[in-house]
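Under numbering that gives the first Met the number 0, the letters of the sequence shown match residues 0 to 501, in that order.
Structure first, then comments.
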Amino acid sequence: MLKEVGVGVALGVIISLIWLGFNIYPVLFLLGIFFLLFKVLDVRGGLKEFAPLKSSNNKIKTNISFEDIGGQNSAKKELLEALDFIKIPEKISLMGIRPLKGILLVGPPGTGKTLLAKAAASYTDSIFIAAAGSEFIEMYAGVGAQRVRQLFQQARNTAKKKNKMSAIIFIDEIEILGSKRGSHSSHLEYDQTLNQLLVEMDGLSLDDDIRILLIGATNRSDLLDNALLRPGRFDRIVQVDLPDMEGRLQILKLHTRNKPLARDVKLKKIAAETFGFSGAHLESLANEAAIAALREKCSRLEKSHFYEAIDKVIMGEKLDKRPEEEECRRIAIHEIGHALVSESLKPHSISTITIIPRGKAMGYIRQKPEKDSYIYTKEYLEGQIAILLGGAVSEEELLGSRSTGAANDFQQAIDLAKKIINSGMSSLGIVSTKDLPSGVLHQNLKEILNSQEEKVRGLIRDCKNIIEKAAGYLLEKERINGDYLRELLKMEKKNEFKQKVI
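This is the structure:
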């Protein structure tokens, strides 16, 4: 609006001067100089301001509260304690507690760090201003430091204008702004920007008219400068990790509360099968399930829609390409080989077997963990290696040769074998793999892999009939659940028992 008024006034003045007979060239020259100066400042970021996002002080439907965030109970508890100096500053002062100046949220992408920051602003009735770390870095010297000063000043001015006593500044991807000084050899702009942020944080005090809390978010805390992480700046480092099973169940309940669910949908079972999913993955899962139901013109979301959505979130959309019949049979035998080994080592572990191409995979099996695990034994890792080798061995035993389809399986098996050695669980004992001669490392990897391959080969040879039958059924249906394979294994055991009796 101001720009339009200014342009109108300038044109009016120029027309008036021409009408009165004045020489307007000097005026045009000065206006040109001012215009160029304005443009240079704008390009360099001197005129840039950080627009405050709509927060709890605005009556909108998108308010975020801590009740709207599931699966992060520990993070919420730590954050709520840190927000007390804004919520109840008088009690904090009486106890002689130094207010916290900064909180760093650390965790993988999609775990809800931004949501927690927004909920903090809503909880404390504060102005919420957000920026990304990349917004502070420019090719011009001094611009980043200027923008940091602007950000804190704007937080104070906006809070006063809105009659608020506090403001929360949220900087996402703060590792760009706060990376270790001296790590950038090109110029010192990064260091100057970080220095200004440190100065601004040092200047925060409980006695200020506007109390400011800085919340940073990153998934690369190892890149941050030590001066930024010390007490008195980022006083608390809050881990925002991937949710456990109970957390995933909470998140699923939140994201399905506005969706009509069929009676066969058991959110607890879905939560159990989504180990490793972040909150963003689970939101996408619920959304994709609703899309699948809409596509099939169903009035409610059924169990099949959720399992289809799990596959889509993990592997991607179905591909139109369809391999030839011979390739399909090889893929089916490969996948049944994986599933057979998994069921033999750990009954009821297979949820789905499919040869429908998705993403880069021509087929895959989906296992369902009984519980969330964060540390693994040698036996578990060896079992996973055996499952990975099951596909290639199955191809070799039933078709007489292997294929390139097992390349990714082999790489994962090698990585697991390295993990066994790194963890001191191999015959080498506790060693540093970096200091091991390459020949010794290769030999031990080979021993681990060969040992599991021989076990798998014996199992596959004993179950050729089952693999053939299951692969034929899989070719016909393209997708089967683990119950069918378990039924075949059960029948085989009964037949073996009858033969022994006879």
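Each residue gets a CB set at the ideal place from its N, CA and C atoms; glycine is no exception.
If I follow the unbroken beta strand (DSSP E) through residue i, where does it start and stop?
i: ASN480; result: 478-480
i: SER350; result: 349-353
i: ALA291; result: Careful: ALA291 lies outside any beta strand (DSSP E), inside the alpha helix (DSSP H) at 278-294.
i: GLY101; result: 101-105
i: PHE127; result: 126-131
Give the range of the alpha helix (DSSP H) segment to which residue i is assigned.
i: LEU227; result: 225-228
i: LEU248; result: 244-255
i: LEU241; result: It is not in any alpha helix (DSSP H) - LEU241 carries neither H nor E in the DSSP assignment.
i: ASP461; result: 437-461
i: GLU89; result: 88-93
i: LEU222; result: Looking at the DSSP string, LEU222 is not in any alpha helix (DSSP H), and its letter there is neither H nor E.
i: LYS268; result: 266-271
Return the residue from the list the options that minimises the CA-CA distance to residue i.
i: GLU307; options: LYS320, ILE335, ILE269, ALA338; result: ILE269
i: ARG329; options: SER372, VAL392, SER437; result: VAL392
i: HIS347; options: GLU486, LYS454, SER372; result: GLU486
i: GLY336; options: LYS489, LEU93, MET94, ILE466; result: ILE466
i: PRO107; options: LYS359, LYS100, LEU318, VAL237; result: VAL237
i: ILE352; options: ASN480, LYS86, ALA116; result: ASN480
i: LEU99; options: GLN442, THR110, ILE87; result: ILE87
i: SER303; options: ALA289, ALA216, ILE313; result: ALA289
i: GLU502; options: ASP434, GLY471, PHE84, LEU484; result: Any answer about residue 502 is impossible in this case: the structure gives the chain only from 0 up to 501.
i: LYS265; options: LEU251, ASN257, GLY275, GLU334; result: LEU251
i: GLU475; options: ILE128, ILE332, SER73, ILE96; result: ILE332
i: LEU397; options: ILE459, GLY143, PRO356, GLU342; result: ILE459
i: MET490; options: ALA144, ARG299, LYS468, GLN153; result: LYS468
i: GLN249; options: ARG478, GLY69, ILE173; result: GLY69
i: ASN464; options: LEU339, GLU477, GLU378, SER350; result: LEU339
i: LEU193; options: LEU176, GLU323, SER204, SER73; result: LEU176
i: GLU334; options: LEU241, GLN366, LEU415, GLY438; result: GLN366
i: MET200; options: ASP240, GLY101, VAL142; result: GLY101
i: ARG235; options: LEU415, SER125, GLU453, ALA74; result: ALA74
i: SER350; options: TYR373, ASP310, ASN449, ALA216; result: ASP310
i: GLN383; options: ILE354, GLU452, LYS433; result: GLU452
i: GLU77; options: GLN410, ALA405, ILE214, TYR379; result: ILE214
i: ASP414; options: LEU448, ASP434, GLY389; result: LEU448
State the DSSP-derived secondary structure class of residue i, mapped to helix, strand or coil.
i: PHE233; result: strand
i: VAL82; result: Just to set this straight, residue 82 is Leu in the shown sequence, not Val. Coil.
i: PHE151; result: helix
i: GLY215; result: strand
i: ASP171; result: strand
i: PRO51; result: Reliability fails at PRO51, whose pLDDT of 42 lies under 50, so the model's placement of it is uncertain and the value that follows must be treated cautiously. In the structure shown, PRO51 sits in coil (DSSP, three-state: anything other than H, G, I, E or B).
i: SER178; result: strand
i: LEU398; result: helix
i: LEU203; result: coil
i: LYS317; result: strand
i: MET490; result: helix
i: SER425; result: coil
i: ARG146; result: helix
i: PRO25; result: helix
i: LYS433; result: coil
i: ILE96; result: coil
i: ASN62; result: coil
i: GLN411; result: helix
i: ILE14; result: helix
i: THR110; result: coil
i: ILE466; result: helix
i: LYS504; result: Residue 504 is absent from the model: the chain starts at 0 and stops at 501.
i: LYS159; result: helix
i: ARG485; result: helix
i: GLY70; result: coil
i: GLY404; result: helix
i: ILE136; result: coil
i: GLU323; result: coil
i: PHE305; result: helix
i: GLY275; result: coil
i: LYS345; result: coil
Per DSSP, what are the beta-bridge partners of residue i in this structure?
i: ALA331; result: Paired residues: none, contrary to the question.
i: ALA166; result: ILE126, ILE211
i: GLY260; result: With the sequence shown as reference, residue 260 is identified as Leu, and Gly is not the correct amino acid for it. For LEU260, which the question treats as bridged, DSSP gives the partners LEU300.
May I ask whether a heavy atom of the ligand ZN can be found less than 6 Å away from the beta carbon of residue i?
i: LYS296; result: The model depicted lacks the ligand ZN and carries no ligand whatsoever.
Under 7 Å between C-beta atoms, does residue i make it to chain C?
i: LYS252; result: Note that chain C does not occur in the displayed structure, where there is just one protein chain.
Complete runs of the beta strand (DSSP E) confined to the stretch 358-394 [at least 3 residues]: 363-366
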